[in-house]
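Novice:
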Ligand SMILES: Nc1ncnc2c1ncn2[C@@H]1O[C@H](COP(=O)(O)OP(=O)(O)O)[C@@H](O)[C@H]1O
Ligand SMILES: [Mg+2]
């Protein structure tokens with residue numbers, strides 16, 4: 001598929017996203033500068049659309065970076081436990097620094113996410129068994145342990161309400177003033193694009209990369225820091241969106257290969273359109289009610305993940 | 001010139017390289033031979049700065065390799081390790097293009113593209129250049145990796161068992177190519193090689209290792225001798241002169 005077609009589809013989906021919702025906003029109302037229609041668009045629909053595009057793009061790229069650096073197609077922020085660590089981080093920031101500002105929460109969540117991901121990478125290096133499917137299982141187990149610890153403290157300190165809002169990604173509460181933290185992902189994505197070639201080489205392994213003069217550890221750390229911050233930011237603003245970082249890079253890999261130079265743009269755009277589709281579907285299926293995007297992605301993502309598992313021989 | 005001085009390396013408590021000192025002359029092929037586990041791969045990894053020695057120093061053209069910039073070294077010395085697995089979906093051409101990474105960090109110039117094409121032609125993979133690596137046979141993959149190292153266009157080329165998986169025809173072509181690189185371009189080549197006759201016919205010097213030490217070293221004709229080989233391999237080996245080559249028979 002050509003990138004340009006993918007882009008056009010994404011733009012169309014983004015426009016659709018602006019017009020779907022309980023309050024009817026028509027194109028003609030906007031054309032006639034109807035104040036109410038414009039208010040709805042500017043205060044809620046546009047922020048929602050922008051946050052979907054940013055979250056989808058960033059999570060896709062996060063997955064791509066992680067899969068490249070670990071050389072494992074089943075690793076992603078979901079399956080490495082990164083998301084669970086970020087949530088634990090948010091909880092800790094609420095407990096220890098009550099009234100923490102969003103930036104603070106983000107920093108602490110990102111620090112936890114980074115720690116968790118490094119821990120996962122460390123375990124990965126020590127594992128004798130390099131079976132592709134065993135590694136994400138370890139990550140998921142680790143993530144579940146972290147998640148239970150978080151739930152335990154949430155129960156104990158009466159923060160369950162708070163916690164569950166990050167449990168399932170949801171764009172329905174996004175509006176002006178509640179999503180701007182997501183813009184932090186933009187410069188990070190730019191860095192990811194600049195590092196694309198280096199991530200590709202780093203993916204060939206430490207010896208291979210060193211032979212080519214690449215500062216391997218530095219590149220890996222840059223990649224993991226990008227992943228940690230983006231994950232934290234997305235969870236804080238939107239909530240957990242599982243599997244996107246896993247499946248989008250895999251789909252792109254099938255038709256573009258694994259040279260990031262060829263696949264990073266496709267991953268970015270496909271990530272955005274995938275999330276737009278899930279969100280629009282979630283808004284339409286039980287209209288006028290909504291199915292949260294986390295659930296939608298979870299259901300569709302699990303299906304694709306299962307399919308990938310079944311045909312994983314074709315990957316190896 | 002590569003000079004290793006009193007190199008030692010431990011893995012755990014096991015000393016796998018013991019006080020090895022060796023000099024590798026420029027503009028020649030030097031083959032490292034010896035039984036499995038002798039420490040040949042470990043020595044080459046240390047020489048190429050992929051592995052840090054526990055003791056001793058490696059000098060490359062008079063300078064400590066571990067004190068030079070990795071990026072500059074990548075334009076001077078290239079190594080192909082013994083086993084190379086790629087999980088990634090990459091085409092042959094993409095892999096070979098990595099060889100130009102030290103020069104252009106992934107944004108290839110016309111000159112880079114030229115060198116990449118040249119390297120692919122050297123190993124006869126032109127027809128397969130757009131194929132994904134996981135669709136190739138073991139020998140074709142090995143040739144793709146060698147092409148990548150050649151594209152790196154370094155003065156020193158280290159190849160750890162480059163003939164792995166190659167059929168006879170390609171093995172001979174590969175050795176002839178290496179000789180050509182030495183004669184026409186003055187490259188310095190270090191090989192680890194198991195086929196003693198390939199070592200005998202194509203190398204200028206041979207370094208024999210055993211149990212982490214160098215047991216014999218010198219011009220090829222001095223090493224390819226029944227008594228020397230017996231001490232290295234514990235095997236009776238007859239050496240015959242056949243059309244000006246020293247050929248070993250050990251069956
Ligand atoms: N990463 C490692 N960890 C532990 N032991 C190792 C490692 N690499 C090599 N060795 C040991 O070092 C010795 C030399 O290995 P190597 O240099 O690969 O030998 P050669 O290439 O001559 O066959 C062997 O006994 C091997 O078991
Ligand atoms: Mg070896």
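Protein chains in written order, with UniProt numbering: chain A, 1 to 316; chain B, 1 to 251. Glycine included, each C-beta is placed from N, C-alpha and C at the ideal position. In this text the structure is predicted, and so the values were computed from the model without any measurement.
1. Below 8 angstroms between beta carbons: does that hold for residue 203 of chain A and residue 68 of chain A?
2. Against chain A, with Cβ distances strictly below 8 angstroms, would residue 202 of chain B count as a contact?
3. Checking 8 angstroms against the spacing of the C-beta atoms, do residue 8 of chain A and residue 267 of chain A come in under that value?
4. Is the segment 4 to 16 of chain B in contact with the segment 69 to 76 of chain B, if contact means three or more CB pairs nearer than 8 angstroms?
5. In three-state terms, what does DSSP make of residue 335 of chain B?
6. Would residue 71 of chain A pass as an interface residue toward chain B - the criterion being a Cβ-Cβ separation below 8 angstroms?
7. Quick check: is any heavy atom of ligand 1 less than 7 angstroms from the C-beta of residue 164 of chain B?
8. Alpha carbon to alpha carbon, what distance is there between residue 81 of chain B and residue 141 of chain A?
9. Rounded to whole angstroms, what's the CA-CA distance from residue 303 of chain A to residue 52 of chain A? Just pull it up for me.
10. Can you tell me whether DSSP reads residue 240 of chain B as helix, strand or coil?
11. Could you pull out every unbroken alpha helix (DSSP H) segment of at least 4 residues lying fully inside the segment 27 to 78 of chain A, listed in chain order?
12. Inspect the beta-carbon positions of residue 17 of chain A and residue 280 of chain A and report whether they are closer than 8 angstroms.
13. Following the continuous alpha helix (DSSP H) through residue 130 of chain B, name the residue where it begins and the one where it ends.
14. Helix, strand or coil: how does DSSP classify residue 229 of chain B here?
15. Tell me residue 79 of chain B's beta-bridge partners as DSSP assigns them.
16. So which residues on chain B does residue 92 of chain A lean against when the C-beta distance must stay under 8 angstroms?
17. Could you give the DSSP three-state label for residue 10 of chain B: helix, strand or coil?
18. How big is the Cα-Cα spacing for residue 155 of chain B and residue 92 of chain B?
19. Using the beta-carbon count (16 or more within 10 Å), is residue 44 of chain A buried or exposed?
20. Within 10 angstroms of the Cβ of residue 244 of chain B, are there 16 or more other Cβ atoms? Answer buried if so, exposed if not.
21. Classify residue 316 of chain A as helix, strand or coil using the three-state DSSP reduction.
22. Can you tell me where the alpha helix (DSSP H) with residue 110 of chain A in it begins and where it stops?
23. Taking Cβ-Cβ distances shorter than 8 angstroms, what residues in chain A pair up with residue 70 of chain B?
24. Which residues have their C-beta within less than 5 angstroms of a heavy atom of ligand 1, listed in chain order?
25. By a C-beta neighbour count over all protein chains shown, 10 Å radius and 16 as the cutoff for buried, is residue 234 of chain B buried or exposed?
26. Give the secondary structure of residue 82 of chain A by DSSP, where H, G and I count as helix, E and B as strand, and everything else as coil.
27. Is there at least one Cβ from chain B nearer than 8 angstroms to residue 201 of chain A's Cβ?
28. For the segment 187 to 219 of chain B, which residues have a beta carbon sitting closer than 7 angstroms to at least one beta carbon of chain A?
29. With three or more beta-carbon pairs closer than 8 angstroms as the criterion, would you say the segment 43 to 54 of chain B touches the segment 204 to 217 of chain A?
30. State yes or no: is the C-beta of residue 226 of chain A within less than 8 angstroms of the C-beta of residue 108 of chain A?
31. The alpha helix (DSSP H) with residue 252 of chain B in it runs from where to where?
32. Quick one, which residues of the segment 61 to 89 of chain B are near chain A if we go by CB-CB under 9 angstroms, in chain order?
33. Going by beta carbon distance, what residues of the same chain come within less than 8 angstroms of residue 175 of chain A, once the five residues before and after it are set aside?
34. Exposed or buried, which one is residue 4 of chain A when buried takes at least 16 other CB atoms within 10 Å?
35. Compare the C-beta of residue 60 of chain A with all C-beta atoms of chain B and state if any pair is closer than 8 angstroms.
Specialist: So, to answer that:
1. Yes, Cβ-Cβ distance for residue 203 of chain A and residue 68 of chain A is below 8 angstroms.
2. no
3. no
4. No, because fewer than three Cβ pairs between the segment 4 to 16 of chain B and the segment 69 to 76 of chain B fall closer than 8 angstroms, the two stretches do not touch.
5. There is simply no residue 335 of chain B to check, as chain B begins at 1 and stops at 251 in what is shown.
6. yes
7. At a cut-off of 7 angstroms, the beta-carbon of residue 164 of chain B does not count as near ligand 1: no heavy atom of the ligand is closer than that.
8. Residue 141 of chain A and residue 81 of chain B have their C-alpha atoms some 35 angstroms from each other.
9. 21 angstroms
10. strand
11. Within the segment 27 to 78 of chain A, the complete alpha helix (DSSP H) segments at least 4 residues long are 27 to 31, 35 to 40 and 46 to 70, listed from N- to C-terminus.
12. yes
13. Premise fails: residue 130 of chain B is in no alpha helix (DSSP H) and is neither H nor E.
14. helix
15. B/158
16. The premise fails here: residue 92 of chain A is roughly 36 angstroms from chain B at the closest Cβ pair, so nothing lies under 8 angstroms.
17. strand
18. 23 angstroms
19. Its Cβ being crowded by 16 or more others within 10 Å, residue 44 of chain A is buried.
20. exposed
21. Note on residue 316 of chain A: pLDDT 45, under 50, position unreliable in the model; the coordinate value appears next. Note: residue 316 of chain A maps to coil in three-state DSSP.
22. 102 to 126
23. 210, 213, 214 and 215
24. In chain order, the hits are B/11, B/16, B/36, B/37, B/38, B/39, B/40, B/41 and B/42.
25. exposed
26. helix
27. yes
28. none
29. yes
30. no
31. The structure shown does not extend to residue 252 of chain B, since chain B spans only 1 to 251, so no value can be given for it.
32. 69, 70, 71, 72, 73, 74, 75, 77, 78, 79, 80, 81, 84, 85, 86, 87, 88 and 89
33. 43, 44, 47 and 48
34. exposed
35. no
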